[in-house]
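Line by line, the protein sequences are chains A and B. For the first sequence, the positions run 1 to 508 when this note's numbering is used. For the second sequence, the positions run 1001 to 1338 when this note's numbering is used. Heads up, the beta-carbon is just placed ideally off N, CA and C, and yes, glycines get one too.
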Amino acid sequence: MLDSINSQTSVLSADRVSKSFGTIPVLFSVSFDIVAGEVHALIGENGAGKSTLMKTLAGFHQPTSGSIKLDGNTIDLPPNGQSENLGIVLIHQELNLAEQMTVEENIFLGRELSSRGILDRQKMEAVVRSLLDDIGVDILPTDRIADLSIAKKQMVEIVKAISRNARVLIMDEPTAVLTEAETELFFNQVRRLKEQGVAVVFVSHKLAEVKAIADKVTILRDGQWITTKSADELTLDSMAQMMVGRELSDMFPPMNEPDVDAERILEVQGLLAPETKNVNFYLKKGEILGFSGLVGSGRTAVFEAICGLSEISAGKITFRGDETRFNSVAAARDAGVVYLTKDRKEKGLLLNEGMRTNLSLLALPKFIRNMLLDSKLESDALTRAIRRFDIRSRDPEVKAKDMSGGNQQKLLLAKIMESDPRIVIIDEPTRGIDVGTKQQIYHFIAALAAEGVSIVLISSEMPEVIGMCHRVAVMREGRITGILSGDDINESEIVRYAAGLKEAETNG
Amino acid sequence: MDDSLVKNTAQNRMMKFDIKTMGPAIALLLLCIIGYLLNPAFASEGNITNLLTRSAFIGIIAVGATFVITAGGIDLSVGSMAAVISGVMIIIMNNAMSTFGGGVTTVLIGCGSSIILGLGAGWINGFLTTKGKIEAFIVTLGTMGIYRSLVTYFADGGTLSLDFAIRGTYRPVYYDSFFGLPIPVWVFAIVSVLGWMLLNRTAFGRYCMAIGSNEAVAKYSAVNVDRIKTLTYVIQGLCVSLATIIYVPRLGSASASTGVMWELEAIAAVIIGGTVLKGGYGRIGGTILGALILTTIGNILNFTDLISNYLNGTMQGLIIIIAVWLQRADFRSSNKTT
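Written out as C-alpha cells, the structure reads:
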C-alpha cells in the first residue's frame, strides 16, 4: 500500500507496528516511513495514537509487535532517548531544557567538551555560536534559557538536535504555543533542515500549517493507519474528515442571538488591575462575548482581576445591577462567576488525582452533607458529567495526567459547570485539542448561552472568535481598543484593532 | 454501563488498597513476628500496652504532621514546641497551686493553657509561611530554635518539675487505664479516628490534598489556600499540645532535652506510612502504623541482646530508607504494567 513511498529510501520506518499498554491496544499495525529531506506531518484526533507512534519511533516505547527499521535494517532502538546517538531526536511538547542554565550549557549538556578535566568553555561557545549563526536566530550562547521566549527555546531545542547530528527530527506539536510570527520563523528553520537532508516528522492540530509546510501527511484514527498522502492531494476539509471519520459539516453551531433587551448581567467600568488599563465593557444575559487580541494583551488579566485572582486598584464592577467586588475566587463562584483557565495542566487540573476529585473541587461545598463529603453525590456527578460532556476514558479511575487533552478540557468544563454559573469565562478552550473535540466544545458553549448563561470567550484563534461570538472585544496593551459586532466581526477588523492600527474613540 | 463502571471502581480500589495500604501493615506484622520469635515476652499484654502507650506521643504528633505534609508543608518545630509547652504548663500549674491548690482545677488550667499555647504556636508557623511567604522549612527551623532555647531559659538550664501535690492528681492521665487500655492509647485512638475523618471525609482534607498536589490549581478552584495551610499548622499545634498533656504526667518535669528528635520521628512515621513528602497524598492510617513501627523497633531492641539498644536510631533510619525505597519501586513497576 505504500509502494510509491517505499521506492524512495526511508531513513527510519515503522513496519506494521502495534503497541498495547497492558491490555489496552493503542496502535494497530501502523506502517510509517520517514524519508530524508522530507517533512512528514502526523495528524489525528487526541488519543489517535500519534504520541505513541512518535515515541515508538524514537525508542521511548518498544513495539508490541512489528518492527522499526533504520536505513532498511530492523533494529531494536535503545530506550530513554539514547536513540539520539543514532541520529533520532524527539523534541517533546514540554521542552526539555534546564531553565537556569545558558544556551551553550544546554546544548552541550551531557557531552561537554573538556581538556584535562576542565571544561573548554571557549570552544563550546564557539561551536554554539556558529550553529546559531547558521540558523540565523538572534540568540546568544550566553543567554539564560529562562529569559528566552518559548519560540526561542524551541530554536534552542532544534539547535541542540542539529548539534547531535540528527538525521530524523520528531516534534510533538511544536507550534502549539507559538504565535503566527514565531511559527513562520520556525517554519523557515524546518525548511533549512529539510534542505540539509534531515527528515522531519511533526504532529500538529493546525491543519492550515500542515498544508503549508508538510510534504507528506499521515492520518491516524483510533490507533489505525488511515492514509498517507502527499500534502498537495489533501484539502483542509478532507484532512479533517479523515481524522474524525465523519462529515464535519458545521464546525460552529448556528448562532442564537440573545434578546436585544436582555439584562446586562455584568458591567465593568474603568477597571485598573495588573496588566490592564481602563477597561470598559458589558456582558448581556445569554451572550457570547469574544475577547481577542495578541497573547499578553491583558485578556486573561482582566478576568483574573474580576474573579478575585488578582488585586483591583480602581474601577466599578456591576453584577446583576449591584456594584460588587469579588475578593476571592470563592466569592465569585458563589455569585455564579467562574473562570476556566487556559493552563489546564498548571492551573486547571490536579494531574495526580482522578476525575471525581477534579470534578468536585471547585464546587466542593455542594457535596457536603452533615459536615462530611458525600462520595455518592460525587460519583453521581461524575456519571452525569461523563454523559453530558462525552468524556471518554478507558477507566473511570484514570488520573487526569493520563487523559488526552480533549478529555481534560471536557473534564475542566464539567468541573466549572458543577458550580451552576451564570457567567462562564473560558480562556483558550480549544488549545491543543483535535477537530472533533473542538466542535463538541463549541456546541457545549453555544448550548450554555442558549440556556441563558453568559459566556466570555477569550481566544487567539480567529475563526473561533468569528464563528462563535455575538460581539468581540479586541484588546491591545491592557486596553480594549474596540468592541465589534455584526458584520464588523471579521479577521481584518480584529487584526487592525489588535495591532493598534485602529482604536475606537470612546476608549481613546 | 453504570454498573460495570461502579464495579470497576470497586476493583481498582481493592488493588490500590493492596499495594499502598498493606505495605506498612505487613512491615509491622513482620516486626511483631520477629519480636515474638526473639522473645515470647514481646507478645505479653503488659508489653503490648506499654508499646501502644509509648507510640501515643509520636503518633498523635504525627497525625498532625500528616496534615501539614499532605498540604505541601513541613513542621520541624514540633519537638521543641512540645518541650516549651511542657515547661510553660508546669510553670503555670505550679503558680496556680497557691490559689487553686493541687487539685483537678489546677490540672485543667494547665491543660487549657497547653491547648492555647499549641494552637497559638501552630498559628504562628502557619501565619509566617502563608502571609509572610517564607518557606515552611525555614520558618519552622527558626521556631524550632526559638522554642528549644526558651525552654532552656525557663528551666534556667536545668529541669522544671511539677509540684508533688499536683503530680498526684495528674498522674492517672498517663498511668491509669480505661476499659483495659491506658488513657494515652485512648487519646491516640480518638485523635486518629478524628484525623482520618478530617483528612478523608471532609472538604478540608480534600483541600489539603489539592494544595499539596498543586497550589495554583487549588487557588483557581476557589480554595482559600492561605487559610487551609494555616489551619494545618494549627492542627499540628493542637496535636502537639494533646501529646504534651499526656506526656507531662509521665515524668512530671520538662527540660532542654524534652522532645528532642520528636519532629524527625513524627515526619518519619508519616513517610513510612506512605504519605508523600512533597505533598498531595496523605494517609492517616499509614501514619499510625508508621508510629507503631518506630516504637516497635525500639521495643524489640530492648528485648534482645542481638543488636545493641544504642543502635535504635540506625534501625529506625534503615526502616525509613527501605520504606521509601519500596514505595518507589512499587510505583515504577505499576507504571510499567499499565
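Would you mind sorting residue 380 of chain A into buried or exposed? The rule is 16 or more other CB atoms within 10 Å of its CB. Its Cβ having fewer than 16 others within 10 Å, residue 380 of chain A is exposed.
Please list the residues of the region 1211-1244 of chain B that have a C-beta atom closer than 9 Å to any C-beta atom in chain A, keeping them in chain order. 1213, 1214, 1216, 1217, 1218, 1219, 1220, 1221, 1222, 1223 and 1224
Please name the residue in B:1200, B:1289, B:1253 and B:1032 whose C-alpha comes closest to that of residue 1160 of chain B. B:1253
Closer than 6 Å by C-beta to residue 1247 of chain B: which residues in its own chain qualify, once you throw out the five before and the five after it? Chain order, please. 1057
Note down, in chain order, every chain B residue with its Cβ under 8 Å from the Cβ of residue 79 of chain A. The premise fails here: residue 79 of chain A is roughly 12 Å from chain B at the closest Cβ pair, so nothing lies under 8 Å.
Where residue 1280 of chain B meets chain A, residues with beta-carbon distance less than 7 Å: 352
Decide if residue 1316 of chain B is buried, meaning its Cβ has at least 16 other Cβ atoms within 10 Å, or exposed. buried
What distance in whole Å lies between the Cβ atoms of residue 363 of chain A and residue 418 of chain A, which are believed to be in contact at a cut-off of 8 Å? 4 Å
State buried or exposed for residue 403 of chain A, treating a residue as buried only when at least 16 other CB atoms are found within 10 Å of its CB. buried
Reducing DSSP to helix, strand and coil, say where residue 1276 of chain B ends up. coil
Please classify residue 1162 of chain B: does DSSP put it in a helix, a strand, or coil? DSSP, read as helix, strand or coil, puts residue 1162 of chain B in coil.
How about residue 1008 of chain B: is its C-beta nearer than 9 Å to some C-beta of chain A? Here residue 1008 of chain B scores only 46 on pLDDT, less than 50, and its place in the model should not be relied on; the value that follows carries that caveat. Any Cβ of chain A closer than 9 Å to the Cβ of residue 1008 of chain B would place that residue at the interface, and such an atom is present.
Using 10 angstroms around the beta-carbon of residue 1059 of chain B, count the other beta-carbons present and answer buried if the total reaches 16, otherwise exposed. If you draw a 10 Å sphere on the C-beta of residue 1059 of chain B, you find 16 or more other C-beta atoms in it, and that means buried.
On a CA-only basis, which of A:478, A:174 and A:167 is nearest residue 57 of chain A? Give me that one, please. A:167
Output yes if chain B places a C-beta closer than 9 Å to the C-beta of residue 346 of chain A; else output no. yes
If the cut-off is 9 Å on Cβ atoms, which residues from the region 1127-1160 of chain B count as contacting chain D, listed in chain order? Any reference to chain D falls outside this structure, whose protein chains are A and B.
Less than 8 Å between the CB atoms is what I'm expecting for residue 290 of chain A and residue 471 of chain A, so what's the real figure, rounded? 7 Å
In chain order, what residues of the same chain lie with their CB nearer than 6 Å to the CB of residue 385 of chain A, ignoring the 5 residues before and after it? 359 and 414
Contact criterion: CB-CB distance below 9 Å. Does residue 1275 of chain B meet it with respect to chain A? It does not: the Cβ of residue 1275 of chain B has no partner Cβ on chain A nearer than 9 Å.
Starting from residue 323 of chain A, follow its DSSP beta bridges and name the residues at the other end. A:318
Those residues which DSSP pairs with residue 32 of chain A across a bridge: A:14
Where does residue 1100 of chain B fall in DSSP's three states? helix
Cβ neighbours of residue 504 of chain A in the same chain (closer than 6 Å, five flanking residues each side left out): Cβ neighbours of residue 504 of chain A within its own chain (closer than 6 Å, five residues either side excluded): 482.
At 7 Å on the CB atoms, spell out the chain A contacts of residue 1202 of chain B, in chain order. 371, 372 and 373
Using the beta-carbon count (16 or more within 10 Å), is residue 126 of chain A buried or exposed? exposed
Please state whether DSSP places residue 71 of chain A in a helix, a strand or coil. DSSP, reduced to helix, strand and coil, places residue 71 of chain A outside both helices and strands of the structure shown, so it counts as coil.
Kindly list the residues whose CB is nearer than 6 Å to the CB of residue 157 of chain A, restricted to its own chain and excluding five residues on each side of it in sequence; keep chain order. 91 and 95
Strictly under 9 Å for the Cβ-Cβ distance: is residue 1321 of chain B near chain A by that measure? no
Beta-carbon proximity list for residue 1272 of chain B, same chain, < 7 Å, skipping 5 on both sides: 1024, 1290, 1293, 1319, 1320 and 1323
With three or more C-beta pairs closer than 8 Å as the rule, is the region 40-49 of chain A touching the region 193-204 of chain A? yes
Of the choices B:1026, B:1038, B:1052 and B:1027, whose alpha-carbon is the least far from that of residue 1307 of chain B? It is B:1038.
Among B:1102, B:1275 and B:1256, which residue has its Cα nearest to the Cα of residue 1199 of chain B? B:1275
Hey, does residue 423 of chain A have any beta-carbon neighbour from chain B nearer than 9 Å? no
Spatial neighbours of residue 1003 of chain B within its chain, please: C-beta separation below 7 Å, excluding the five flanking residues on both sides. Confidence at residue 1003 of chain B is low in this model, with a pLDDT of 42, below 50, so the placement of that residue should be treated as unreliable; the coordinate-derived value is given next. Cβ within range, chain order: n/a, list empty.
Kindly give me the distance between the Cβ atoms of residue 253 of chain A and residue 61 of chain A, rounded to whole angstroms, as I take these residues to be in contact under 8 Å. So it is not a contact: roughly 38 Å between Cβ atoms.
Under the rule that 16 or more other beta-carbon atoms within 10 Å means buried, what is residue 357 of chain A, buried or exposed? buried
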